[in-house]
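Participant: Structure provided below as structure tokens; questions to follow.
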Amino acid sequence: MIVIVTAYLAINGYSYYSTALEERFYHPKHSWFKPSGLFGQGLGVFGTLMMLIGVSVYILHKRYNILGRHVRLKYLLEFHIFLCTLGPILILFHTAFKFGGIVSIAFWSMVAVVASGVIGRFIYIQIPRTIEGRALSLSEVQNMKTDIAQVLREDYQVAETDINLFVNYTTDKTLSLSSIKQVIKNNNLSKTDSKNLLKMLQGERSLSKKIARLETMKQYFKYWHVAHMPFALIMLVIVIIHIVVAFTFGYKWIF
Numbered sequence: 005m006i007v008i009v010t011a012y013l014a015i016n017g018y019s020y021y022s023t024a025l026e027e028r029f030y031h032p033k034h035s036w037f038k039p040s041g042l043f044g045q046g047l048g049v050f051g052t053l054m055m056l057i058g059v060s061v062y063i064l065h066k067r068y069n070i071l072g073r074h075v076r077l078k079y080l081l082e083f084h085i086f087l088c089t090l091g092p093i094l095i096l097f098h099t100a101f102k103f104g105g106i107v108s109i110a111f112w113s114m115v116a117v118v119a120s121g122v123i124g125r126f127i128y129i130q131i132p133r134t135i136e137g138r139a140l141s142l143s144e145v146q147n148m149k150t151d152i153a154q155v156l157r158e159d160y161q162v163a164e165t166d167i168n169l170f171v172n173y174t175t176d177k178t179l180s181l182s183s184i185k186q187v188i189k190n191n192n193l194s195k196t197d198s199k200n201l202l203k204m205l206q207g208e209r210s211l212s213k214k215i216a217r218l219e220t221m222k223q224y225f226k227y228w229h230v231a232h233m234p235f236a237l238i239m240l241v242i243v244i245i246h247i248v249v250a251f252t253f254g255y256k257w258i259f
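For reference, each letter of the sequence shown is one residue, going 5 to 259 in the working numbering.
Structure follows, in structure tokens:
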């Protein structure tokens with residue numbers, strides 16, 4: 005959806021946006037695409053509303069559970085990310101790629117918010133969570149681990165000499181996947197068992213990595229919140245100033 009909207013805006017307004025700034029006044033669609041034009045102003049209005057809705061609904065539900073049990077937090081986060089990604093794109097086209105004065109401050113503040121949001125999303129997905137989106141504690145994640153040795157003996161009848169190798173693979177980064185596949189092949193397991201065993205080992209290895217970095221990622225997430233929220237507040241203040249200044253200098257609400 006985001007890609008489609010971006011492509012549409014770029015293609016639809018290419019002739020105008022690619023025109024030199026000093027020549028845009030003479031472009032046949034200047035009154036339509038300029039920031040104060042019907043289309044340009046509309047992009048600014050809808051882009052701003054998207055960000056305000058995306059931020060306010062997510063924060064209010066996270067802190068006060070305003071939507072009750074009807075909406076899981078992780079789905080609301082996706083909604084937040086969607087609106088707060090599409091909104092800035094609309095605002096980018098609202099500026100008609102013309103940056104200067106307070107507009108440039110507002111734009112780069114928005115870029116900082118989006119960039120920090122991308123970083124936050126990366127950190128967020130590194131932390132194991134419940135289906136509702138609640139972060140798991142270290143003990144909860146550790147309880148998710150399987151007794152690999154027991155499963156290998158009872159379910160797959162793996163040779164005793166290979167059990168330690170499989171167990172070590174879940175925590176040792178130096179062991180390659182190809183070597184594990186070869187050992188599985190040497191145990192003469194069926195195709196289905198080989199596939200399931202490899203999937204289990206890879207899952208345990210991934211879980212071991214998450215356990216190793218869980219506390220670090222949680223700490224990073226706290227630091228990220230300290231940076232992301234001020235960026236968002238600064239952007240909000242500057243956007244309000246931008247709107248007030250625009251009306252002060254004679255720009256009118258055209259909707």
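Beta carbons: idealized from backbone N, C-alpha and C, even for Gly.
Mind checking who A139 pairs with in its DSSP beta bridge?
Facilitator: Answer is R133, bridged to A139.
Participant: Hey, is the stretch 105-125 in contact with the stretch 204-214, meaning 3+ C-beta pairs nearer than 8 Å?
Facilitator: Verdict: no, contact absent.
Participant: Report the three-state DSSP secondary structure of D197 (helix, strand or coil).
Facilitator: Residue state, collapsed to three classes: helix.
Participant: Apply the 10 Å Cβ neighbour rule to V162 and answer buried if 16 or more other Cβ atoms are within range, or exposed otherwise.
Facilitator: So V162 counts as buried.
Participant: In the DSSP assignment, the alpha helix (DSSP H) including D151 goes from what residue to what residue?
Facilitator: That residue, D151, is in no alpha helix (DSSP H); it is neither H nor E in DSSP.
Participant: Quick check on the DSSP output: the alpha helix (DSSP H) that includes P92 runs from which residue to which?
Facilitator: Element bounds for P92: 77-98.
Participant: To the nearest angstrom, how far is it from the Cα of A110 to the Cα of L237?
Facilitator: Going by the C-alpha atoms only, they are around 11 Å apart.
Participant: Alpha helix (DSSP H) containing N168: first to last residue?
Facilitator: Counting along the chain, the alpha helix (DSSP H) containing N168 begins and ends at 164-173.
Participant: Specify the secondary structure class of L202 as computed by DSSP and reduced to three states.
Facilitator: Note: L202 maps to helix in three-state DSSP.
Participant: What separation, rounded to the nearest whole angstrom, lies between the Cα atoms of F235 and R125?
Facilitator: Using only the alpha carbons, I get a separation of about 16 Å.
Participant: When the distance is taken between beta carbons, is G51 closer than 7 Å to G91?
Facilitator: The answer is yes: Cβ separation under 7 Å.
Participant: How would you write the range of the alpha helix (DSSP H) that S182 sits in, first residue to last?
Facilitator: Taken as a continuous stretch (DSSP letters only), the alpha helix (DSSP H) holding S182 covers 181-190.
Participant: Let's see if you can read the secondary structure: which residues bound the alpha helix (DSSP H) around Y2?
Facilitator: No statement about residue 2 is possible, as the shown extent of the chain runs from 5 to 259 and does not include it.
Participant: Among L42, I127, L81, which has the Cα closest to the Cα of V61?
Facilitator: Cα-wise, what sits closest to V61 is L81.
Participant: Out of E208, T165, Y173, L179, point me to the one whose CA is closest to N190's CA.
Facilitator: The candidate whose alpha carbon is nearest that of N190 is T165.
Participant: Please state if the CB of G58 and the CB of L87 are separated by a distance shorter than 7 Å.
Facilitator: Closer than 7 Å, so yes.
Participant: Within the same chain, show all residues whose beta-carbon is closer than 8 Å to that of F225, passing over the 5 residues directly before and after it, in chain order.
Facilitator: G124, I127, Y128, I131.
Participant: In three-state DSSP terms, what is T252?
Facilitator: T252: helix per DSSP, three-state reduction.
Participant: Would you say R209 and T174 are within 7 Å of each other, going by their C-beta atoms?
Facilitator: Against a cut-off of 7 Å, the Cβ pair of T174 and R209 comes out as a contact.
Participant: Here's the rule I'm using: 16 or more other beta-carbon atoms within 10 Å means buried, otherwise exposed. How should H229 be labelled?
Facilitator: With fewer than 16 other Cβ atoms within 10 Å, it is exposed.
Participant: For H232, collect the residues of the same chain with a Cβ closer than 8 Å to its Cβ; drop the 5 residues on either side in sequence, then sort them by chain order.
Facilitator: Here the set comprises V117, S120, G121, G124.
Participant: Please name the residue in T178, L193, A24, S19 whose C-alpha comes closest to that of K33.
Facilitator: Measuring from the Cα of K33, the nearest candidate turns out to be S19.
Participant: Excluding five sequence neighbours on each side, which residues of the same chain lie with their C-beta closer than 8 Å to the C-beta of I106?
Facilitator: So the qualifying residues of the chain are I242, I245, H246, V249.
Participant: Could you check which residue in M148, K185, L240, N200 has the C-alpha nearest to that of Y160?
Facilitator: It is N200 whose Cα lies nearest to the Cα of Y160.
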